[in-house]
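Undergrad: Handing you a structure now.
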Amino acid sequence: MMHFLSLLDFSRDIIYKIITYTENIKGGSINVEGILEGKIMGMIFEKPSTRTRVSFEVAMKQLGGDAIYLPTSTLQLSRGESLKDTAKVLSRYLDILMARVYKHETLEELAKYSDIPVINGLSDLEHPVQIVSDFYTIYEYFGKLHRIKISYVGDGNNNVARSLAIGCALLGIDLAMASPREYTISESFLRELFNRIPGSEKYISIYQDPYDAVVGADVIYTDTFISMGMESETEERLRIFLPKYQVTMDLLNSTGKDTVFMHCLPAHRGHEVTDEVIDSENSIVYDQAENRLHTQKTIILYLLGYL
Ligand code: CP
Ligand code: NVA
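The opening position of the sequence shown corresponds to residue 197 in the working numbering, with each subsequent residue numbered one higher.
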C-alpha cells in the first residue's frame, strides 16, 4: 500500500509508466471502463477546487466507482475531531482518499493513520498530481520528454513550482526558473533535492530575469502569484511580481523557438499572464486541464494495485 503525497514518492520509471498508460487509456487501446466497480474515493477539501475535484470525481465514475466530496467544513474535523480518528474511520468505509489541505503535515498525519492510499490533491508544499499530468501533456504535445526545456516564470516558492522542480530533477528535464529574489525556490529545498537525486543539479537553473530564463524554451509555464492561503499578501506580491514576471506576447516571442504556454489554472488574467498569451494558438492550457482526468485514472489505478 502506498501513498502519493510528494512527487518524490514516484520514481522516474513509475512516472513513465503512468504516462504510457495514460496515453493508452486516453487513446482507447486499454479499456478500463467499469474496472473499479464498487470502489469509493473520499475527497477532503480544505480549499476550493474546480479541476482537481471534478477530474477525480469523473475519473472514479468513469472507472465504475464513485467519489464522495468532503469539504472539511462538513466533517467533524471542523469541530476538533482528530486527523487520526478521521483517517482510521474513513479507512473503514473508503478504498482511497484524496485531500487538498493547507499544511502538508495534515496529509502526512492522514497518511500515517490511514489503511488506504492517500493522494495529495495540493498542499502548501506540493501539487504532485498536477505535475504528473503536465508531463503527460508535454509528452503528448512534443512526443517526448527528453531534451525539452521548460521555463517557469513566477512564484518559485509555491507548491506547483516545487513539484515541477522535483519532476524535472527525476526525469532529467531542463528547468529554468525566473522569480524575484524574495520568491526564488528555496536553496535548502534544492540542496535536499539534489542530494536525493544525484546529478540532478545540472537540470535546474535559477534566474531573476524572465528573458534570460526563456531562451530556447519549449514550454513557458506559470502559476498564480498569490496561491490559496496567501491572499493577505496580495498587494505586496503584485508590487514585486508586476510587470516584470507577467508572461506577455513579447516574452513568448523572445525564446527563439515555437514555444507553448502552460498554466495549471486557475489563471489570474492580467496578473501572471495576459489574455493574449493564454488565448493564443500557443497556449495548451485546456489540453492540460483535460489531461488531469486521464492522468487521475492512471494514478488511482496505480495506487490501487491495478497497474
Ligand atoms: N490546477 C488545479 O489544481 O486546479 P483546481 O484548483 O481547480 O483544482
Ligand atoms: N499555486 C496555486 C495552485 C492552484 C492549483 C495555489 O496553491 O493556489
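Ideal Cβ placement from N, Cα and C applies to all residues, glycine included.
(1) By the DSSP assignment, the beta strand (DSSP E) with Phe200 in it spans what residues?
(2) Quick check on Ser329: buried or exposed, where buried means 16 or more other Cβ atoms within 10 Å of its Cβ?
(3) Below 7 Å, is the gap between the Cβ of Thr451 and the nearest heavy atom of the ligand CP?
(4) Could you tell me whether the Cβ of Val328 comes closer than 8 Å to any Cβ of chain C?
(5) Whose CA, out of Glu388, Thr268, Ala409, Ser384, lies closest to the CA of Leu371?
(6) Compute the beta-carbon to beta-carbon distance between Val469 and Thr418, rounded to the nearest angstrom, for a pair I have assumed lies under 8 Å.
(7) Give me, in chain order, the residues of the same chain whose beta-carbon lies closer than 6 Å to that of Met424; leave out the 5 immediate sequence neighbours on both sides.
(8) Would you say Ser401 touches the ligand CP, meaning its beta carbon is less than 7 Å from a heavy atom?
(9) Taking the straight line between their C-alpha atoms, what separation do you get for Glu277 and Ala295?
(10) To the nearest angstrom, how far is the alpha carbon of Gly223 from that of Glu378?
(11) Leaving out five residues before and five after Cys460 in sequence, what residues of the same chain have Cβ atoms less than 6 Å from its Cβ?
(12) With distances taken from CA atoms, which of Thr248, Tyr298, Gly352, Glu486 is nearest Thr268?
(13) Among Ile312, Glu304, Leu367, whose alpha-carbon lies nearest the alpha-carbon of Tyr332?
(14) I'd like the span of the beta strand (DSSP E) that includes Ser401, first residue to last.
TA: So, from the data block:
(1) Taken as a continuous stretch (DSSP letters only), Phe200 belongs to no beta strand (DSSP E), as it is neither H nor E.
(2) buried
(3) no
(4) In summary, chain C is missing from the structure at hand, where a single protein chain is found.
(5) Ala409
(6) Under the criterion of beta carbons closer than 8 Å, Val469 and Thr418 qualify as touching, at roughly 6 Å.
(7) Lys243
(8) no
(9) 16 Å
(10) 43 Å
(11) Gln326, Val356, Asp419
(12) Tyr298
(13) Leu367
(14) 400-403
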